[in-house]
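Chemist: Take any residue in the sequence shown, count from 1 to its spot, add 10: that is its number in the numbering used here. Backbone N, C-alpha and C fix where the C-beta goes; we use that ideal spot for every residue, glycine too. Given the structure is predicted, the values throughout are model-derived calculations rather than measurements.
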Amino acid sequence: MPHKNIDAAFGFATRAVHAGNEIDAETGAIRRPITMANSYALPYDPSDLNWSSAEGQIYTRNGGANQRYLQEKLQQLHGAEDCVVLASGVAALAGVFFAVLQAGDHVVVSDSTYIAAYRLLHELLPQKYNVESTLVDSTDLAAVKAAVRPNTKLIHIETPANPTLKISDIQAIAALAHANGALLSVDNTFASPFNQRPTALGADFTIESLTKYINGHGDAMGGAVLGAKARIDKIRSDAMVNLGGAISPFNAWLIMRGAVTLPLRMRQHNGSAQKVAEFLQNQAQVRFVAYPGLAAHPGHAVAQKQMPGGYGGVLAFGLHAGHDAHNQFVSRLRLITSAVSLGHDESLIVFLGENDERQHLYPAEFHAGFFRLSVGLEDTEDVINDLRQALVG
Ligand SMILES: Cc1ncc(COP(=O)(O)O)c(C=O)c1O
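1. Is the beta carbon of A269 sitting closer than 8 Å to the one on K138?
2. DSSP state of E168, grouped into three classes?
3. For the beta strand (DSSP E) containing I217, name the first residue and the last one.
4. Could you compute how far the alpha carbon of M276 sits from the alpha carbon of A256?
5. Using C-beta distances below 7 Å, list every residue in its chain close to R71, excluding the 5 sequence neighbours before and after it, in chain order.
6. For I33, which three-state DSSP category applies?
7. Going by DSSP in three states, T390 sits in which element: helix, strand or coil?
8. Give the secondary structure of K83 by DSSP, where H, G and I count as helix, E and B as strand, and everything else as coil.
9. Anyone know if the C-beta pair for V385 and S351 falls short of 8 Å?
10. Report yes if the C-beta distance between A238 and Q77 is below 8 Å; otherwise report no.
11. Can you tell me the Cα-Cα spacing of E419 and L175, whole angstroms?
12. Expressed to the nearest angstrom, what Euclidean distance is found between the alpha-carbon atoms of G21 and Y54?
13. Starting from H116, follow the alpha helix (DSSP H) in both directions and report where the run begins and ends.
14. What did DSSP end up calling G328 once you bin it into helix, strand or coil?
15. Do V100 and ligand 1 come close, with the Cβ less than 7 Å from some heavy atom?
16. In three-state DSSP terms, what is E142?
17. In whole angstroms, what separates the C-alpha of A157 from that of V118?
18. Which complete beta strand (DSSP E) runs does the segment 187-212 hold, if anything under 3 residues is left out?
19. Can you tell me whether T70 sits near ligand 1, meaning its C-beta is under 7 Å from at least one heavy atom of the ligand?
20. Considering only the beta carbon of each residue, do A192 and T162 sit closer than 8 Å?
21. Among the candidates Q316, P43, N292, whose CA atom is the shortest distance from the CA of P302?
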């Protein structure tokens with residue numbers, strides 16, 4: 011059967027459908043199968059094989075068929091040279107940090123990130139391995155520049171950031187990192203490759219939690235790192251083969267299946283979240299709304315420049331109300347589910363109270379407690395109506 015030769019000449023939606031898929035040579039099925047084996051047949055004389063290699067097929071922790079197909083699709087969607095998929099978004103973050111950093115190195119890191127990035131860079135690596143880190147407001151280029159030291163090896167940013175939706179300028183920070191001999195890693199989970207592609211903006215590592223938008227159905231965990239081949243090879247051997255963060259073939263298959271509809275889903279998430287943000291900002295009970303698609307958002311101009319697909323499905327907002335009134339609001343919701351995670355088909359909300367350990371790092375309006383809302387794929391009016399009736403109480 012002819013190879014479809016899917017490459018960057020095709021549009022994003024075409025690549026989402028076809029990249030990584032082929033006709034199965036054995037059965038003629040037009041979908042690649044799930045290969046649930048953990049071992050692969052060895053050659054006649056295996057004694058020369060490198061058991062720690064991620065080249066060729068030996069064992070699923072060294073790289074398996076479904077991982078390879080998913081890597082091909084993600085690499086095409088991001089326009090990156092290479093990709094490694096791992097067991098979770100956190101395995102991908104840890105893979106980058108473990109592969110790049112060593113004792114005595116310094117990292118500059120956004121002050122608003124997913125909690126595990128904070129834990130790894132601000133606590134675990136400094137306490138256990140003598141890696142130093144400085145938290146900065148990465149929306150402020152001068153602050154990033156001032157934080158860089160001669161031993162800064164990596165700048166790690168998240169944009170849009172969890173949970174504040176702060177926007178950092180990828181292109182400007184990449185230039186700053188490279189001028190100082192450092193690398194830039196960007197957690198792209200809130201955007202997905204439909205909305206933003208950091209590799210093209212100069213990032214050395216693009217990190218995705220595949221658990222979120224790329225899978226999109228809330229039923230599998232995975233992570234990916236994209237970048238230049240030599241760097242990704244190092245993550246493959248360090249984080250997958252030796253640290254053991256391999257994704258299961260079934261999860262890789264589920265995520266591959268979910269990723270096919272990424273463009274359709276992201277258009278709906280983007281459009282719906284914009285309308286929900288506009289609705290919320292006009293309600294008297296709402297104290298603030300943070301969404302990069304709102305003209306009043308401090309990162310709107312940078313987001314417009316670097317997020318050509320849209321601004322994503324996640325927003326944050328707070329009420330003119332005390333701690334428990336926020337919990338009561340959530341208990342009145344009939345459609346939106348109170349649960350962590352984001353990028354699922356269903357809308358999800360989580361309350362982060364004024365007692366959250368990192369709230370002192372967030373902008374002032376977040377200090378009194380707030381919600382993170384991931385707007386799902388339901389009819390926009392139904393999501394808005396659910397919020398409306400819960401606001402009225
Ligand atoms: C921005 C961001 N990065 C990374 C992660 C971690 O991903 P996972 O839960 O797949 O390990 C999350 C999870 O919420 C996230 O929001």
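Modeler: The short version:
1. Not closer than 8 Å, so no.
2. Note: E168 maps to strand in three-state DSSP.
3. Start and end: 215-219.
4. When the Cα atoms are used, M276 and A256 turn out to be separated by approximately 27 Å.
5. For R71, where only same-chain residues beyond five positions count, the Cβ hits under 7 Å are M250, V251, G254, A256.
6. Note: I33 maps to coil in three-state DSSP.
7. T390 falls in the helix class under three-state DSSP.
8. The DSSP-derived three-state label of K83 is helix.
9. No.
10. No. Outside cutoff.
11. The requested residue 419 does not occur in the structure, where the chain is confined to residues 11 to 403.
12. Distance between the alpha carbons of G21 and Y54 is about 44 Å.
13. No alpha helix (DSSP H) holds H116; the beta strand (DSSP E) holding it covers 116-120.
14. Note: G328 maps to strand in three-state DSSP.
15. Checking every heavy atom of ligand 1 against the Cβ of V100, one is found closer than 7 Å.
16. Note: E142 maps to strand in three-state DSSP.
17. Looking at the two C-alpha atoms, the distance is approximately 7 Å.
18. Within the segment 187-212, the complete beta strand (DSSP E) runs of at least 3 residues are 193-197.
19. Checking every heavy atom of ligand 1 against the Cβ of T70, none is found closer than 7 Å.
20. For A192 and T162, yes; Cβs fall inside 8 Å.
21. Looking from the CA of P302, the closest CA among Q316, P43, N292 belongs to Q316.
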